[in-house]
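Report on the structure given below.
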Amino acid sequence: MLFGTTEKIQVAGNYVPCVRSGNLVFVSGMLPRKGGNLTHTGKLGVELGKEAGYNAAKNAVLYALMALKSELGSLDMIQRVVQLVVYVNCSESFTDIAYVANGASDTLVEVFGDCGVHTRISVGVASLPMNSPVELCLTVETR
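Just so we're aligned: 52 in the numbering used here is position 52 of the sequence shown, and the numbers increase by one with no gaps anywhere.
Spelled out as C-alpha cells, the structure:
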C-alpha cells in the first residue's frame with residue numbers, strides 16, 4: 001500500500017489536509033491520487049464504469065490515510081474511523097453510488113478491522129474538481 005511513502009499531500013486551494021479538534025481529526029476532501037497525479041478521471045456512467053469508480057474511491061481513501069499518517073506520525077494513533085463522506089461524479093442515470101463508495105469503506109475495514117467500520121454518506125454529483133470521479137472526506141478519532 002501507500003503508507004510507506006513520503007509523498008507530500010497536495011491540496012488545491014487555501015486549506016490544509018487535516019485539522020485536529022480534541023481527539024477528532026477531520027480530513028479535507030481527497031481525490032484519488034498517486035505520485036501527485038490523479039489515478040482516474042471522468043464521469044461514472046459516461047467515461048467510467050462502477051469498477052473504475054470503486055478503485056478510484058479506494059485510491060482516494062488511501063491518499064486520505066497518507067494525510068492522516070503525515071498529521072499523526074502513525075496510523076496506530078487512530079482509535080476508530082467515525083465517518084466517511086463520498087462524492088461520486090456521475091451521470092443522472094448512474095445508480096451504483098453505494099458500490100463506488102464501498103471501495104473506500106472496504107479499504108478502511110481492511111486496514112483497521114472493526115475500528116474501521118464507520119458511518120457513511122455517499123452522494124452523486126454533477127462534477128468534481130479536476131474531473132475526478134470521486135472526492136471523499138473522513139473523520140477519525142485518535143487515541
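Every residue, glycine too, gets a C-beta built ideally from N, C-alpha and C.
A direct Cα-to-Cα measurement between T39 and A56 gives close to 7 angstroms. Taking G35 as reference, the option from L24, M66, L44 with the minimal CA-CA separation is M66.
S70: not part of any beta strand (DSSP E); member of the alpha helix (DSSP H) spanning 50 to 72, first to last residue.
Two segments are said to touch when three or more pairs of C-beta atoms, one from each, lie closer than 8 angstroms; by this definition the segment 99 to 116 does not touch the segment 9 to 16.
Assigned with DSSP and collapsed to three states, V27 falls in strand.
Taking a C-beta distance under 7 angstroms as the contact criterion, T139 and M77 do not qualify as a contact pair. Using a Cβ distance threshold of 7 angstroms, P17 and N59 do not count as a contacting pair. Secondary structure at L128: coil, using DSSP grouped into helix, strand and coil. Y87: not part of any alpha helix (DSSP H); member of the beta strand (DSSP E) spanning 78 to 89, first to last residue. Residue environment: I121 is assigned as exposed (fewer than 16 neighbouring CB atoms within 10 Å of its CB, all protein chains considered). Residues of the same chain with a CB within less than 6 angstroms of the CB of Y54, apart from the 5 flanking positions on each side, are V100, G103 in chain order.
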